[in-house]
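Worksheet: the structure to be examined is printed underneath.
Number of protein chains: 2
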Amino acid sequence: MDIPQPIISTVDIVLLLIKDERLCVTLSKRDKDPYENQEALPGGYIHAEEDRDCLDAAVRILRQKTGLLPPYLEQLKTFTGAARDPRGWSISVAYFALVDADLILSSANPGLTICPVDALRRLPFDHNEIIAAAVDRIRNKSQYSSLPCYLAGETFSLPRLQKIYEACLGEALHKVSFRRKMDELGVLEAVPGQTESAGAHRPAQMYRLKSEFKNQLKLLVRGL
Amino acid sequence: MDIPQPIISTVDIVLLLIKDERLCVTLSKRDKDPYENQEALPGGYIHAEEDRDCLDAAVRILRQKTGLLPPYLEQLKTFTGAARDPRGWSISVAYFALVDADLILSSANPGLTICPVDALRRLPFDHNEIIAAAVDRIRNKSQYSSLPCYLAGETFSLPRLQKIYEACLGEALHKVSFRRKMDELGVLEAVPGQTESAGAHRPAQMYRLKSEFKNQLKLLVRGL
């Protein structure tokens, strides 16, 4: 007989941000077994009676565990199997989200930890693998899209945006070609009259995403 | 209380092939309700007691419903929600697979139908949406990878491979630049002494994937 089997259905969220010029992930202390009190990705069961779909579940869980509604949330990949959860056969529909670090730090949730993606301990379940998939996706999309802009906050200077792209890509970029690519993307606009003091340098012009690109990625025909 | 809810957990497979120079999808007649006797994507419940993970389930379901083990199988996206299945809240982990048309046609399963992706009727569930996502993925990956080669069978001429790329991309390609890109990809090797008669033209050299690329995509730095 082909009948449904009891399968644990969850959502996990890889919430990424830039801290000290490094790509970091947000971990949340688990409040129940398995792995009680250990740090892991924010996640939880799908609630069939209240979530319309998994995206809805991801938004609910993020709000509950971090207090945030991040500007960018995308389905990453689904992790499944008999071996990944000690409770039994499970599905985790994983999402990744990008957020300005200031939002996380000001939300001041004591249960949250920010950890660089290249300095993670062994995490519960297959969460290291999920994070690695998210970092791959970010790295790939940063080559040819405006994705890293979602890590930059409301307004930012071009030097700061370049540092964010570099943290996502894991490599240094040439300033002149980076600026040419940003021009080509065409998603940024200068904030009139707003500059940032930059130490010994002259103040840097501040930029923001044009309103039409706040919820929509823009792609380059040729990558960075 | 945060306890798991009963959620229908399934796998669906978008099995793509080229027929008459068009990108087509394989539909399978449903043998039970809902939508009994209607054509839909091959799919089925995850069997927690026998499938190690969803990929395993996809391979099992493809074998059962089509008799095939396709050369390329990739997780596409997960489709979820309260509205997509009349039986209740459901998760479908969707995969796409690429196969040489001759394999499908010779498997001669009378329950299977081959339909061009741009000439589909309204299908059960959200299967039109799943197929559209697969076509998008193929179109995108065909721009910069060896993916369409998996649709070409064991051996093929370059004119035939170009037709396959064109069917995937939905646009005509320039012969000279197509061949330069194939050289750059470096995944093909000529089959010694094997040619294909080509009407009034001189016989075309036959090619195959180098063995190291039979199970591994190769990417172009710059797209087609």
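For the record, the sequence lines run as chains A and B. First residue of the first sequence? That's 2 in my numbering, and the numbers climb one at a time after it. First residue of the second sequence? That's 2 in my numbering, and the numbers climb one at a time after it. Beta carbons are placed, not taken as given, at the ideal position from N, Cα and C, and that holds for glycine. Here the structure is a predicted model, which is why all the values come from computation and not from measurement.
Grab me the residues of residue 180 (chain A)'s own chain with a C-beta within less than 7 Å of its C-beta, minus the 5 sequence neighbours each way, in chain order. 159
Chain B beta carbons: is any one of them nearer than 7 Å to that of residue 32 (chain A)? no
DSSP three-state assignment for residue 161 (chain A), whether helix, strand or coil: helix
Contact residues within the segment 51-62 of chain B, judged by C-beta distance below 9 Å to chain A: 52, 53, 54, 55, 56, 57 and 58
Of all the residues that make up the segment 92-109 of chain A, which are near chain B by a beta-carbon distance shorter than 8 Å? 92 and 94
Which residue or residues does DSSP assign as beta-bridge partners of residue 92 (chain A)? A:10 and A:81
Note down, in chain order, every chain A residue with its Cβ under 8 Å from the Cβ of residue 76 (chain B). 78 and 79
Using DSSP with H/G/I as helix, E/B as strand and the rest coil, what is residue 175 (chain A)? coil
Rounded straight-line distance, which links the Cα of residue 30 (chain A) to that of residue 45 (chain A): 12 Å
Return the Cβ separation of residue 59 (chain B) and residue 96 (chain B) in integer angstroms, given the expectation that the two are a contact with Cβ distance under 8 Å. 5 Å
Residue 8 (chain B): contacting residues in chain A (beta-carbon distance under 8 Å): 8, 10, 47 and 49
Leaving out five residues before and five after residue 173 (chain B) in sequence, what residues of the same chain have Cβ atoms less than 7 Å from its Cβ? 167
Is it buried or exposed, residue 163 (chain B), if we count other Cβ atoms within 10 angstroms and call 16 or more buried? buried
Enumerated in chain order, which unbroken segments of the beta strand (DSSP E) with a length of 3 residues or greater are wholly contained in the segment 19-93 of chain A? 23-30, 44-46 and 73-82
Closest Cβ-Cβ distance between residue 83 (chain B) and chain A: below 7 Å? yes
Within 10 angstroms of its Cβ, does residue 190 (chain A) collect 16 or more other Cβ (buried), or is it exposed? exposed
Does the Cβ-Cβ distance between residue 148 (chain B) and residue 218 (chain B) come in under 7 Å? yes
Beta-carbon proximity check, residue 135 (chain B) vs residue 77 (chain B), cutoff 7 Å: yes
Under the rule that 16 or more other beta-carbon atoms within 10 Å means buried, what is residue 82 (chain A), buried or exposed? buried
Which one or two residues does DSSP pair with residue 117 (chain B) in a beta bridge? B:25
So, does the segment 196-213 of chain A touch the segment 124-142 of chain A, judging by three or more C-beta pairs under 8 Å? no
Can you give me the Cβ contacts of residue 2 (chain A) inside the same chain, cut-off strictly under 8 Å, excluding the 5 residues immediately before and after it? Bear in mind that the predicted position of residue 2 (chain A) carries a pLDDT of just 47, short of 50, making it too unreliable to give a figure here.
For residue 198 (chain B), name the three-state secondary structure that DSSP assigns. strand
May I have the straight-line CA-CA distance separating residue 169 (chain B) from residue 12 (chain B), to the nearest angstrom? 24 Å
With 16 other CB atoms within 10 Å as the buried threshold, where does residue 176 (chain A) fall? exposed
What residue from B:66, B:183, B:88 and B:104 has the CA that sits closest to residue 144 (chain B)'s CA? B:183
Beta-bridge pairing of residue 191 (chain B) - partner residues as DSSP gives them: B:208
Secondary structure at residue 148 (chain A), three-state DSSP: helix, strand or coil? helix
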